[in-house]
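In what follows, a structure is listed as C-alpha cells, so that the remarks can point back to it.
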Amino acid sequence: MGGSPVKFEEVLSSFHKYDVIFVATTAPYFLVTHERILNAIKEKKKGMMILDLSNPRTVDEKVATVSGIKLMNIDQIAEMVDKNMRSRIGKVKTVENIISEELPVLEAAMNRLDAEPIVKDVFKNIDSLRVKELKKALQMLDEKDENKIKIIEELTKAVVESIVSQPMNNLRKASEEGNPEILDAATKLFDYKKKE
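Everything in the sequence shown is counted per our numbering, starting at 61 for the first residue and increasing by one.
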C-alpha cells in the first residue's frame, strides 16, 4: 500500500500529507489533538483515517468530530474484528447446517447411480422381448386395423410397466441406501453384464 514509518515529530508538523495515520505510543497524554487535526485538514483536499493503537489512547476523541476525519481506537478495532469473526463463524455454521442437510441427499443420489445401468438394461431387454412377442401375436391374429394394433401395443407397454416398475424402484431405493447385496443379486438375477 506504500506506507512507511516516520518520526512522530515530523508527523505532527505535516499531518496534511497523510491519508492514513497509525498512532502507537506509550505517551500518557494526547499527542494528536483536535486543534492539530483542524489545522491539518484545512490543507487537505480529501479525508484522513487515524487509527489509535495506543494504550492509553493518545488521540483526542474530539478529533472524530472534525469533518473528513475517521478515528478508530484499539477497542473499536478489536470490537470490529470480533464482530467480523462472529459473523464468519455464524456463516460457517449456516453452511455446515446446509451441508449436513444436503449431504445425505447427495450421497443417496450418487448411490442411486449404481443401480441405473441395471435398471436401464432390464427395461431395454424386457421391452425388446415385448416388441418381439407383440409382432408374433399380431401376425397370429392377422390384425391390420391400426387403431387396434395401437391399443394392443399400449396394453403390452402398460403390463410391462406395471410388472417391472416396482422391483426397479425397490432396486433404486436399495442402491440409495447403500445396499450392495441387493445390487449384486439383481445383477445375477437379470444377467446384467457391466459395460466397460
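Ideal Cβ placement from N, Cα and C applies to all residues, glycine included.
All of these numbers come straight from a predicted model, not from anything done at the bench.
Thinking C-alpha only, which one of Leu113, Gly107, Asp112 is nearest glycine 128?
Answer by Cα proximity: Gly107.
Which word fits alanine 87, buried or exposed, when buried means at least 16 other C-beta atoms lie within 10 angstroms of its C-beta?
The residue in question, alanine 87, is exposed, as its Cβ has fewer than 16 Cβ neighbours within 10 Å.
Which residues mark the beginning and the end of the alpha helix (DSSP H) in which valine 155 is found?
First-last of the alpha helix (DSSP H) with valine 155: 134-172.
State the CB to CB distance for the pair leucine 243 and alanine 175, rounded to an integer number of angstroms; the pair is presumed to be in contact (CB under 8 Å).
At roughly 6 Å, the Cβ-Cβ gap stays under 8 Å, so leucine 243 and alanine 175 are in contact.
Give the DSSP-derived three-state secondary structure of aspartate 79 in the structure shown.
The answer is coil: DSSP assigns aspartate 79 none of H, G, I, E or B.
Do you know how far the Cα of isoleucine 149 is from the Cα of glutamate 162?
The straight-line gap from Cα to Cα measures roughly 20 Å.
From glutamate 156 to arginine 232, what does the alpha carbon distance come to, in whole angstroms?
Near 28 Å, if we compare the C-alpha coordinates of arginine 232 and glutamate 156.
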